[in-house]
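Oh and the sequence shown: position 255 is 259 in our numbering, straight run, nothing missing.
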Amino acid sequence: MTYNVIFNYESFLFEEFQLLFAGEEKCEPGYKFGPAARPNYIIHYILEGSGTYYVNNETYQLYEGQGFVIFPNKQTTYVADKDYPWHYVWIGFNGKLSESHLTNIGITFQHPVYSVGKRHEIVNIVRQMLDINQVNDTSQYLFQSNLLAVMAELHFYAETNIKKDQRSDVNPLVGRTLNYIESNLDKSFTINEISKNLFVNRSYLSRIFKKEMGTSLKKYIDNFRVTRAREMLSITEFELLEIAKQTGFTSYNSFYKTFKNITKQTPSQYRHEQRQLKLITKHEA
5 MTYNVIFNYE
15 SFLFEEFQLL
25 FAGEEKCEPG
35 YKFGPAARPN
45 YIIHYILEGS
55 GTYYVNNETY
65 QLYEGQGFVI
75 FPNKQTTYVA
85 DKDYPWHYVW
95 IGFNGKLSES
105 HLTNIGITFQ
115 HPVYSVGKRH
125 EIVNIVRQML
135 DINQVNDTSQ
145 YLFQSNLLAV
155 MAELHFYAET
165 NIKKDQRSDV
175 NPLVGRTLNY
185 IESNLDKSFT
195 INEISKNLFV
205 NRSYLSRIFK
215 KEMGTSLKKY
225 IDNFRVTRAR
235 EMLSITEFEL
245 LEIAKQTGFT
255 SYNSFYKTFK
265 NITKQTPSQY
275 RHEQRQLKLI
285 TKHEA
């Protein structure tokens, strides 16, 4: 596996549209991220291989030369193919002008995938950012120029009319449940509270959810919270207790146990591992 990532720091100079991080990864077969709701915009471009992107009750099978965009606070899942897993680069950014830039290109939450062709210049632009040795005031301008270069390439080359593989006919009750979880991630709630808010019997809700999603409602909620916590541990400096609160855990002890049960690491161990990755230019195993 090849993994390479660089993180920028937020600056008031570019607060309306700013590059936050960039990376490249050759995924293991079947590698899965999500379900998750990320706090930033993230553009992926696929160098080789294939995988599946699930978003907004839609399924997209994507290949070399194509890409997908993650929108903030929207539930997504993406999975590398088991036989020919994807190798992609990505950039993460935020700011109040971000959505306007994407819309100008033709990328929206309703049309979150694109095609620019194989061996595209986007790869070289991202790798230029990964070659930056020191993050400082000067690198801010380098990051920003490369972010704009990616947007220019997408504006000129991107085709955004890629067909969906299938429309997920999600049970309306399950759809409302997913929306409730996504909208209340920062709050503590029980399955009983979900069922009351949706005016449905708890047992019936749990049964339908497991039938549709292939996992229990509790397990889904726990995984959703932990995935957001992983993101926050990677790209913020929030205290662990604050992350526990923002991901809806009732206590740090509950957060610690759930996180370790799912990731096999403590929150501190995971954060330390991610910080070590920031110090590595490229790791190959």
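Ideal Cβ positions, reconstructed from N, Cα and C, are used throughout, including at glycine.
Report all residues from its chain with a CB closer than 8 Å to the CB of residue i; omit the five preceding and five following residues, and keep chain order.
{"i": "Ile-10", "result": "Phe-25, Ala-26, Gly-27, Met-133, Leu-134, Ile-136, Val-139 and Lys-282"}
{"i": "His-276", "result": "none"}
{"i": "Met-155", "result": "His-105 and Ile-109"}
{"i": "Gly-121", "result": "Gly-69 and Tyr-161"}
{"i": "Gln-278", "result": "Leu-237 and Ser-238"}
{"i": "Leu-23", "result": "Asn-12, Ile-95, Gly-96, Phe-97, Met-133, Phe-147, Gln-148, Asn-150 and Leu-151"}
Which residues does DSSP list as the beta-bridge partners of residue i?
{"i": "Val-204", "result": "In the DSSP output, where bridge partners are listed per residue, Val-204 has none listed."}
{"i": "Lys-36", "result": "Val-83"}
{"i": "Tyr-92", "result": "Glu-29 and Ile-50"}
{"i": "Val-73", "result": "Ile-47"}
{"i": "Gln-22", "result": "Asn-98"}
{"i": "Ser-119", "result": "Gln-70 and Glu-163"}
Out of curiosity, what's the CA-to-CA distance linking residue i and residue j?
{"i": "Phe-263", "j": "Glu-241", "result": "18 Å"}
{"i": "Gln-269", "j": "Lys-261", "result": "10 Å"}
{"i": "Phe-16", "j": "Leu-209", "result": "46 Å"}
{"i": "Val-117", "j": "Phe-97", "result": "17 Å"}
{"i": "Ser-207", "j": "Lys-222", "result": "12 Å"}
{"i": "Tyr-7", "j": "Ser-199", "result": "41 Å"}
{"i": "Ser-294", "j": "Val-127", "result": "Only positions 5 to 289 of the chain appear in the structure, and residue 294 is not among them; the question remains open."}
{"i": "Arg-171", "j": "Met-236", "result": "Bear in mind that the predicted position of Arg-171 carries a pLDDT of just 44, short of 50, making it unreliable; the figure below should be weighed with that in mind. When rounded, the distance between both Cα atoms is 31 Å."}
{"i": "Glu-288", "j": "Asn-196", "result": "Bear in mind that the predicted position of Glu-288 carries a pLDDT of just 37, short of 50, making it too unreliable to give a figure here."}
{"i": "Thr-219", "j": "Arg-229", "result": "15 Å"}
{"i": "Ala-248", "j": "Gly-38", "result": "18 Å"}
{"i": "Ile-266", "j": "Val-59", "result": "23 Å"}
Who are the Cβ neighbours of residue i in its own chain at under 7 Å, not counting the five residues just before and after it?
{"i": "Ala-217", "result": "Looking at the sequence itself, residue 217 is Met, so the reference to Ala does not match. Taken in chain order, the residues that qualify are Val-178 and Tyr-224."}
{"i": "Leu-101", "result": "Glu-20 and Phe-21"}
Around the C-beta of residue i, are 16 or more other C-beta atoms found within 10 angstroms, so that it is buried, or is it exposed?
{"i": "Thr-251", "result": "buried"}
{"i": "Ala-162", "result": "buried"}
{"i": "His-159", "result": "exposed"}
{"i": "Leu-245", "result": "exposed"}
{"i": "Arg-232", "result": "buried"}
{"i": "Asn-201", "result": "exposed"}
{"i": "Pro-33", "result": "exposed"}
{"i": "Thr-181", "result": "buried"}
{"i": "Lys-286", "result": "At Lys-286 the pLDDT is 39, less than 50, meaning the model places this residue with poor confidence and gives no usable figure here."}
Leaving out five residues before and five after residue i in sequence, what residues of the same chain have Cβ atoms less than 6 Å from its Cβ?
{"i": "Glu-14", "result": "none"}
{"i": "Gln-70", "result": "Ile-50 and Ser-119"}
{"i": "Asn-77", "result": "Ala-41"}
{"i": "Ile-239", "result": "none"}
{"i": "Asn-157", "result": "The residue you asked about is not Asn; residue 157 is Glu in the sequence shown. Result list for Glu-157: Glu-125 and Ile-126, in chain order."}
{"i": "Ile-129", "result": "Asn-150, Ala-153 and Val-154"}
>> Whether or not the segment 28-35 and the segment 86-95 are in contact is what I'm after, with contact meaning three or more pairs of Cβ atoms, one per stretch, closer than 8 Å; do they touch?
In response: yes
> Between the segment 98-110 and the segment 34-48, do at least 3 Cβ pairs fall closer than 8 Å?
Replying inline: yes
> Quick one: any contact between the segment 188-200 and the segment 143-162, if contact means 3 or more CB pairs under 8 Å?
Replying inline: no
> Are the segment 77-88 and the segment 53-64 touching, with three or more C-beta to C-beta distances below 8 Å?
Replying inline: yes
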